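Using the numbering used here, you'd call the opening residue of the sequence shown number 5 and step up by one each time. Backbone N, C-alpha and C fix where the C-beta goes; we use that ideal spot for every residue, glycine too. A quick note: this is a predicted structure, and the numbers were derived from the prediction, not measured. For reference, the structure discussed in these notes is given below.
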Amino acid sequence: MWLFLFLLWIVLNGRVTVELVIFGVVIATAVTVFADRVIGYKSATDKLILRNLPIFFLYILNLIREIIVSAFAMAGMVYSAEPPKPVIIEFHSGFDTRLQNVLLANSITLTPGTITIFQEGDYFVIHCLKREFGEGIEDSSFVRLLRKIR
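In structure tokens, the structure reads:
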């Protein structure tokens, strides 16, 4: 994270001077220490992400595809005369890590037609505008890809 923050500092400034490098080192260090002590950031998360970078890349591509497919499904629902029949779905993801559960919760919320209402540990409560939007969510493409993270 420190390296990412430092490189972001340099890129956003658009030039490299001794003064900017010194400020970048100080600011990146301060933000990293803050994230570690206050937010609970752990460097093990960075290692996990780097080790699984190809899976995360596939996950982002899958998320984009699911957002597009769901957007078309939502558009079809809006233009149909049939009113939505919302449902609440509860399930357990079976994931051990906080990263996997948070990624799943955010991916569900980013996908049109579904919202993560509550998530604690591996327990999820999801609101879906149609029952079909939530069917098979326990074994969705998101869950299958997140299971590959080691």
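DSSP state of residue i, grouped into three classes?
i: asparagine 120; result: The identity of residue 120 in the sequence shown is threonine, whereas the question assumes asparagine. Correct three-state label for threonine 120: strand.
i: glutamate 70; result: helix
i: phenylalanine 99; result: coil
i: tyrosine 83; result: helix
i: asparagine 105; result: helix
i: serine 144; result: coil
i: arginine 154; result: coil
i: threonine 113; result: helix
i: proline 88; result: coil
In or out: residue i buried (at least 16 other Cβ within 10 Å) or exposed?
i: alanine 109; result: buried
i: leucine 107; result: buried
i: isoleucine 141; result: buried
i: serine 47; result: exposed
i: glycine 125; result: exposed
i: proline 70; result: The displayed chain sequence assigns glutamate, not proline, to residue 70. Flag for glutamate 70 reads buried.
i: alanine 75; result: exposed
i: phenylalanine 137; result: buried
Can you check which of these residues, the options, is closest to residue i by C-alpha distance?
i: phenylalanine 128; options: Thr49, Gly98, Ser47, Phe38; result: Gly98
i: glycine 44; options: Leu103, Pro116, Ile112, Ser111; result: Leu103
i: alanine 32; options: Ile14, Lys51, Lys152; result: Ile14
i: leucine 149; options: Leu114, Gly28, Pro116, Asn105; result: Asn105
For the beta strand (DSSP E) containing residue i, name the first residue and the last one.
i: isoleucine 92; result: 91-96
i: isoleucine 130; result: 127-132
Name the two residues that bound the continuous alpha helix (DSSP H) containing residue i.
i: asparagine 17; result: 6-17
i: alanine 48; result: 47-55
i: isoleucine 31; result: 22-38
i: glycine 138; result: 135-138
For chain C, is any of its Cβ atoms less than 7 Å away from the one on residue i?
i: glutamate 70; result: No chain C appears in the structure shown, which is made up of a single protein chain.
Given 8 Å, three or more beta-carbon pairs between the stretch 59-70 and the stretch 138-152: yes
Any 3 or more C-beta pairs closer than 8 Å across the stretch 123-137 and the stretch 67-81: yes
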